[in-house]
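Q: Quick one: this structure, given as structure tokens, is what I'll be asking you about.
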Amino acid sequence: MPGLGWMFTGDWLPALWFATAASLLLAAYMRIQAPAFTALQAHSFFGYHVRRVKKMLKVLCGDREKLARVNRVRRLDQFLPALTGATLIGWSLYFSGILGAAHLVPRMTLLLGVAASIVAVGFDYLENARIGAMIDALPAEPRDDAIRAASRVTALKLWSYALAMLIVILDAGVLIFLRAAFG
Numbered sequence: 283m284p285g286l287g288w289m290f291t292g293d294w295l296p297a298l299w300f301a302t303a304a305s306l307l308l309a310a311y312m313r314i315q316a317p318a319f320t321a322l323q324a325h326s327f328f329g330y331h332v333r334r335v336k337k338m339l340k341v342l343c344g345d346r347e348k349l350a351r352v353n354r355v356r357r358l359d360q361f362l363p364a365l366t367g368a369t370l371i372g373w374s375l376y377f378s379g380i381l382g383a384a385h386l387v388p389r390m391t392l393l394l395g396v397a398a399s400i401v402a403v404g405f406d407y408l409e410n411a412r413i414g415a416m417i418d419a420l421p422a423e424p425r426d427d428a429i430r431a432a433s434r435v436t437a438l439k440l441w442s443y444a445l446a447m448l449i450v451i452l453d454a455g456v457l458i459f460l461r462a463a464f465g
């Protein structure tokens with residue numbers, strides 16, 4: 283068995299691209315399976331409205347097929363946060379040089395990228411739990427404060443993921459610039 287040196291020579295790049303593609307494909311599949319449910323979570327940088335959630339839940343309550351699709355998406359959503367977080371952390375490590383690409387990016391951006399990814403995953407699982415509790419309680423209508431709490435967690439999750447992705451993109455840009463400028 284070859285040594286572990288390949289992990290530190292940049293050979294992680296194919297695995298990172300595969301994980302990125304897997305995350306995007308899983309998210310797209312979930313979106314196809316339950317468009318109203320996933321749109322509620324995906325476009326809520328400032329939260330979502332209580333009436334919109336109640337309307338979505340009311341539709342789910344009356345349509346067994348949609349509810350079954352949402353529950354399949356919920357099961358898949360147990361894997362997506364961890365996969366996305368690990369992918370973002372992997373890219374942060376790659377561009378920081380720990381996995382072999384650079385040794386150029388300050389460790390502070392590495393720490394920020396990793397921390398933002400971990401925080402985003404935590405908020406994602408908390409959001410899943412809060413929304414899942416509302417779905418599991420159907421046909422009971424959720425309380426407005428429970429919807430607002432889930433809405434805040436969703437917004438925090440999205441901002442955390444956005445920060446982690448921005449850090450990865452900035453790290454990549456710095457690396458590309460430095461390699462172009464200095465070879």
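Its first residue numbered 283, the sequence shown is counted upward by one per residue in the working numbering. Where a beta carbon is used, it is the ideal one built from N, C-alpha and C, also for glycine. These numbers come from a predicted model, not from an experiment.
So, is E423 buried or exposed, given that buried needs 16 or more other C-beta atoms within 10 angstroms?
A: When all chains shown are included, E423 counts as exposed.
Q: Give me the residue from I449, L460, L358 with the minimum Cα distance to A397.
A: If we check each option's Cα against that of A397, I449 comes out closest.
Q: What whole-angstrom Cβ distance do A368 and A419 have, given they're in contact under 8 Å?
A: Going by Cβ atoms, the distance from A368 to A419 rounds to 31 Å, so no, they are not a contact pair.
Q: By Cβ distance, which residues of its chain are closer than 8 Å to L308, with the 5 residues on each side in sequence left out?
A: Answer for L308: L358, F361, L362, L365, listed in chain order.
Q: Does the distance between the C-beta of P421 and the nearest non-hydrogen atom of the ligand PLP fall short of 7 Å?
A: Ligands displayed in this structure: none; no statement on the ligand PLP is therefore possible.
Q: Can you have a look at M312 and say buried or exposed, based on whether 16 or more other CB atoms are within 10 angstroms of its CB?
A: Buried, since its Cβ has 16 or more Cβ neighbours within 10 Å.
Q: Distance check for R356 and D345, CA to CA, integer angstroms please.
A: Each residue's Cα considered, the two are about 16 Å apart.
Q: Just checking, does the segment 402 to 414 make contact with the segment 450 to 464 on the three C-beta pairs under 8 Å criterion?
A: Not touching, per the Cβ criterion.
Q: Would you kindly report the start and end of the unbroken alpha helix (DSSP H) that includes R313?
A: That run of the alpha helix (DSSP H) goes 295 to 315.
Q: Classify A383 as helix, strand or coil using the three-state DSSP reduction.
A: At A383, the pLDDT of 49 sits below 50, so the modelled position is not reliable; the number obtained from the coordinates is stated separately. A383: coil per DSSP, three-state reduction.
Q: Using only alpha-carbon positions, find the residue among P317, L375, L342, A446 that is nearest to M416.
A: Nearest of P317, L375, L342, A446 to M416, Cα basis: L342.
Q: Check whether chain C comes within 8 Å of S305, counting only Cβ atoms and requiring the distance to be less than that.
A: Among the chains in the structure shown there is no chain C, since it carries only a single protein chain.
Q: Which residue wins for smallest C-alpha separation from R434, given the options F328, A304, L295, L306?
A: Minimum Cα distance to R434 is reached at F328.
Q: Helix or strand or just coil, what does DSSP make of Y407?
A: Helix.
Q: Using 8 Å as the threshold, is the C-beta distance between Y376 and W294 below it?
A: Their beta carbons are under 8 Å apart, which means Y376 touches W294 by this criterion.
Q: Nearest-angstrom Cα distance between P296 and G404?
A: Approximately 26 Å between the Cα atoms of the pair.
Q: Might you give, ordered along the chain, the residues of its own chain that have their beta carbon closer than 7 Å to the beta carbon of A431, omitting 5 neighbours on each side?
A: Contacts found: R412.
Q: Pull up the distance between the alpha-carbon of F400 and that of I451, whole angstroms please.
A: What sits at residue 400 in the sequence shown is Ile, not Phe. Using only the alpha carbons, I get a separation of about 17 Å.
Q: Can you check which of these residues, K340, W373, V332, K336, is closest to G455 by C-alpha distance?
A: Closest option to G455, Cα to Cα, is W373.
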